[in-house]
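Novice:
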Ligand code: SF4
Ligand code: MG
């Protein structure tokens, strides 16, 4: 089946709502030109984020976005909001600090398959376990795109790539399987070509009370020709269209997320409605109505320094 690489459709009500929020959407524009390759999934992901913020009525003062190193990371200056561009593999650490310090903004962290599954998987593992309240978006384009197409932990076995001319020798890591082994409270999957569906998943993640893990299978037409757009369109299985699918059943979600070849499950795979985030488990914060950053006070240490003279 041949389809265009990206779809921007939405329900009639949603399009009306977006029209009403045009000013809010425009406020997220930046003066920087998009520098991604033509057809790159990052373009659709950026659109979905802005649509989700507008539909949620979030102003740019109410969100903070954190980026890892990778092609996706240049979104840091392509969205006109508070953004932070950190070190390779370390984006979750910075975002976790922010979510613990400031309870008044929505924290969004984004990273690629290279940074998150090779350089910094420890941060991902402990963020899922800790259930820090944030939306985390994994840009899974199955290669190191920024450094011109070397195999990553999610590349298809046997696919010939830069630095692997005989084909990637390893079987790909199924990130959902890893995440489910850590008892997550929210797991969703989407495809970068379906902007409407990504918008829905981002909105669900923004409203989750804990660590919302959203894997986006991202097109990289320049270096990942193993799984082009049509390949995904032909294989996606929207779980909300499956009769009886229950996103509170973790075991069913884990099982259905295993297939990365024939029928690829997308949608809200699992959500624990009773999720309790890390911060709310801290005895030291019980009864506190302020965020830690609001409790910072200035101390004059001049007398102390005088004593040291
Ligand atoms: Fe996008 Fe791939 Fe180009 Fe990077 S190399 S900008 S991921 S298409
Ligand atoms: Mg990548």
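In my numbering, the protein residues as written are 1 to 309. Note that CB positions come from ideal geometry on N, CA and C, so glycine has one too.
Can you tell which of 91, 293, 142 has the C-alpha that lies nearest to the C-alpha of residue 124?
Specialist: 91
Novice: Does the distance from the C-beta atom of residue 185 to that of residue 284 stay below 8 Å?
Specialist: no
Novice: Can you list every residue whose CB sits closer than 6 Å to some heavy atom of ligand 2, going in chain order?
Specialist: 70, 112, 113, 114, 141, 143, 144, 145, 152
Novice: Just tell me which of 208, 289, 146, 217 has its CA closest to the CA of residue 261.
Specialist: Among 208, 289, 146, 217, the Cα nearest to that of residue 261 belongs to 217.
Novice: Assess contact between the region 207-223 and the region 282-296, defined as three or more Cβ pairs (one per stretch) separated by less than 8 Å. Is contact present?
Specialist: no
Novice: On a Cα-Cα basis, can you pick out the residue from 140, 265, 178, 154 that is closest to residue 234?
Specialist: 265
Novice: For residue 70 versus residue 115, is the C-beta spacing smaller than 8 Å?
Specialist: yes
Novice: Helix, strand or coil, according to DSSP, for residue 273 in the structure here?
Specialist: coil
Novice: Is residue 189 helix, strand or coil by DSSP?
Specialist: Residue state, collapsed to three classes: strand.
Novice: Who pairs with residue 64 in a beta bridge, going by DSSP?
Specialist: 82, 107
Novice: So is residue 311 buried or exposed if we call it buried at 16+ other beta carbons inside 10 Å?
Specialist: There is simply no residue 311 to check, as the chain begins at 1 and stops at 309 in what is shown.
Novice: Do residue 105 and residue 182 have their beta-carbon atoms positioned less than 8 Å apart in this structure?
Specialist: Cβ distance not < 8 Å, so residue 182 and residue 105 don't count as in contact.
Novice: How about residue 82: is its Cβ closer than 7 Å to a heavy atom in ligand 1?
Specialist: no
Novice: Mind checking residue 301: buried by the 16 CB within 10 Å criterion, or exposed?
Specialist: exposed
Novice: Give me the Cα-Cα distance between residue 149 and residue 15, rounded to the nearest whole angstrom.
Specialist: Rounded to the nearest angstrom, the gap between the Cα atoms of residue 149 and residue 15 is 37 Å.
Novice: Out of 110, 199, 79, 81, which one is the CA nearest neighbour of residue 94?
Specialist: 110
Novice: Which same chain residues, not among the five before or five after residue 62, have their C-beta less than 7 Å away from its C-beta?
Specialist: 105, 106
Novice: Assuming residue 175 and residue 119 are in contact, meaning their beta carbons sit under 8 Å apart, how far apart are those beta carbons, in whole angstroms?
Specialist: Contact doesn't hold; Cβ gap of about 14 Å is too wide.
Novice: Once the 5 residues before and after residue 2 are set aside, which same chain residues still bring their CB inside 8 Å of it?
Specialist: For residue 2, the predicted model reports a pLDDT of 42, less than 50, meaning its position is unreliable and no value from the coordinates is stated.
Novice: Tell me which same chain residues have a C-beta within less than 6 Å of the C-beta of residue 267, skipping the five on either side of it?
Specialist: Taken in chain order, the residues that qualify are 238, 239, 240.
Novice: In whole angstroms, give me the CA-to-CA distance for residue 20 and residue 207.
Specialist: 21 Å
Novice: According to DSSP, simplified to helix, strand and coil, what is residue 139?
Specialist: strand
Novice: Over the uninterrupted beta strand (DSSP E) stretch that includes residue 100, give me the two end residues.
Specialist: Segment 91-101 is the alpha helix (DSSP H) holding residue 100; no beta strand (DSSP E) there.
Novice: For residue 41, which residues from the same chain have a beta carbon less than 6 Å from its beta carbon, with the 5 sequence-adjacent residues on both sides left out?
Specialist: Excluding sequence neighbours, residue 41 sits near 192, 218, 219.
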